[in-house]
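Student: Quick one: structure below, then a few questions.
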């Protein structure tokens, strides 16, 4: 099955930068579910907007004009004759967009540094709330298979209490897509003050002074509110990259990984 260029995610991402008239156009193209006459004349009559508004809308998305935009947009209907809903294509487009963004911003040297921090720490604590808490638990489940003493915590009060017991031998990894979760920030700040190393996985570009390494993941507007796809996805991409490099960095870890696979298969 094919899916098309990321037109819908691009419209959603830029929505706040459109004028009110352009937002009318954006609402139509995001919500549209059927192939129809998308010509300038038809859209002017249907949406009560000017030709200039259609042109500006297309140019704000990076196209030379409305005709180029509509050519790409119509590709979204390439599979409609096969009965594939446009909603499926939209979800796949957004995953594709996030994956491409993830690999465009990932820093290989930073991944290596963080893996060394994980390997050198006596204990690793991963904290997050909500979807980020689920990602923290997933990270713990994976790394313990490689012999890492890693724990996860997703309860607000427990996160704060756990921070008090950190020391220079420990590593604390905070996960917050918004970068604004008070308990996660508190845990990293308190841990940092007690000598622990800190890593922050977030979609927020704002830097925190108490963070030793910050990974800024790919994110879409309102992703942390569950906008179409799981907010865990860009975080899990980073966790997979960390896990993959950590696994390949030592033959002994590969042996441990294989042994856990064999144990889990014995049922």
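Residue numbers (the numbering used here): 23 to 289. The beta-carbon is built from N, C-alpha and C at its ideal position, and this holds for glycine as well.
Return yes when the Cβ of residue 127 is within less than 8 Å of the Cβ of residue 263, no when it is not.
Tutor: Contact: no.
Student: Flag this pair as yes or no: are the beta carbons of residue 124 and residue 240 separated by less than 8 Å?
Tutor: Yes; because the gap between Cβ atoms is below 8 Å, this pair is in contact.
Student: What are the boundary residues of the alpha helix (DSSP H) that includes residue 52?
Tutor: Residues 42–53.
Student: Near residue 80, what residues of its chain come up, given a Cβ to Cβ distance below 6 Å and the 5 sequence neighbours on each side ignored?
Tutor: Closer than 6 Å at the Cβ level, and outside the excluded window around residue 80, lie 87, 88 and 91.
Student: Residue range of the beta strand (DSSP E) that residue 236 falls in?
Tutor: Where residue 236 is concerned, the enclosing beta strand (DSSP E) stretches over 235–238.
Student: Tell me whether residue 222 sits in a helix, a strand or coil according to DSSP, three-state version.
Tutor: In the structure shown, residue 222 sits in a strand (DSSP, three-state: E or B).
Student: Decide if residue 176 is buried, meaning its Cβ has at least 16 other Cβ atoms within 10 Å, or exposed.
Tutor: Classification for residue 176: buried.
Student: Rounded to whole angstroms, what's the CA-CA distance from residue 59 to residue 167? Just pull it up for me.
Tutor: Approximately 56 Å, taken between the alpha carbons.
Student: Return the residue from the list 188, 29 and 193 that minimises the CA-CA distance to residue 83.
Tutor: Selected option, being the one with the closest Cα: 29.
Student: Please return the same chain residues whose Cβ sits closer than 7 Å to the Cβ of residue 46, not counting the five positions on each side in sequence.
Tutor: Hits under 7 Å: 69 and 71.
Student: Within the chosen definition, does the segment 228–239 reach the segment 266–280 through at least 3 CB pairs nearer than 8 Å?
Tutor: Contact between the segment 228–239 and the segment 266–280 is absent, because fewer than three Cβ pairs lie under 8 Å.
Student: Assign residue 284 to buried or exposed, taking buried as 16 or more other Cβ atoms, counted over all protein chains shown, within 10 Å of its Cβ.
Tutor: The residue is exposed, with fewer than 16 neighbouring Cβ atoms inside 10 Å.
Student: Using C-beta distances below 7 Å, list every residue in its chain close to residue 162, excluding the 5 sequence neighbours before and after it, in chain order.
Tutor: If we look at residue 162 and ignore the five residues flanking it on each side, its Cβ neighbours are 148, 172, 173 and 174.
Student: Would DSSP call residue 56 helix, strand or coil?
Tutor: Coil, per DSSP.
Student: Based on the DSSP secondary-structure assignment, which residues constitute the bridge partners of residue 196?
Tutor: Looking at the DSSP assignment, residue 196 forms a beta bridge with 149 and 222.
Student: Could you check whether residue 202 and residue 218 sit closer than 8 Å to each other, using their CB atoms as the reference points?
Tutor: Not in contact: residue 218 and residue 202 (Cβ atoms no closer than 8 Å).
Student: In its own chain, which residues sit with a C-beta less than 7 Å from the C-beta of residue 335, not counting the 5 before and 5 after it?
Tutor: No answer is possible for residue 335: the residues shown for the chain start at 23 and end at 289.
Student: If you compare alpha carbons, which of 62, 279 and 151 is closest to residue 223?
Tutor: For the residues 62, 279 and 151, the minimum Cα distance to residue 223 belongs to 151.
Student: Tell me which residue opens and which closes the alpha helix (DSSP H) that residue 131 is part of.
Tutor: Here the alpha helix (DSSP H) through residue 131 covers 130–142.
Student: Taking the CB atoms as reference points, tell me whether residue 253 and residue 115 lie closer together than 8 Å.
Tutor: No; because the gap between Cβ atoms is not below 8 Å, this pair is not in contact.
Student: Applying the 10 Å Cβ sphere with the 16-neighbour rule, what's the burial state of residue 215?
Tutor: That one is exposed.
Student: When you measure from the CB of residue 110 to every non-hydrogen atom of the ligand ZN, does any distance come out below 7 Å?
Tutor: Of ligands this structure carries none, so the ligand ZN is not represented either.
Student: Assuming contact is defined by CB atoms lying nearer than 8 Å, are residue 228 and residue 197 in contact in what I supplied?
Tutor: No, the Cβ-Cβ distance between residue 228 and residue 197 is not below 8 Å.
Student: Between residue 163 and chain C, is any beta-carbon pair separated by less than 8 Å?
Tutor: Checking the listed chains, one finds no chain C in this structure; it contains a single protein chain.
Student: Would you kindly work out how many angstroms separate the C-alpha atoms of residue 74 and residue 85, rounded to a whole number?
Tutor: Taking the straight line from one Cα to the other gives about 14 Å.
Student: DSSP on residue 61, reduced to helix/strand/coil?
Tutor: Here residue 61 sits in coil by DSSP.
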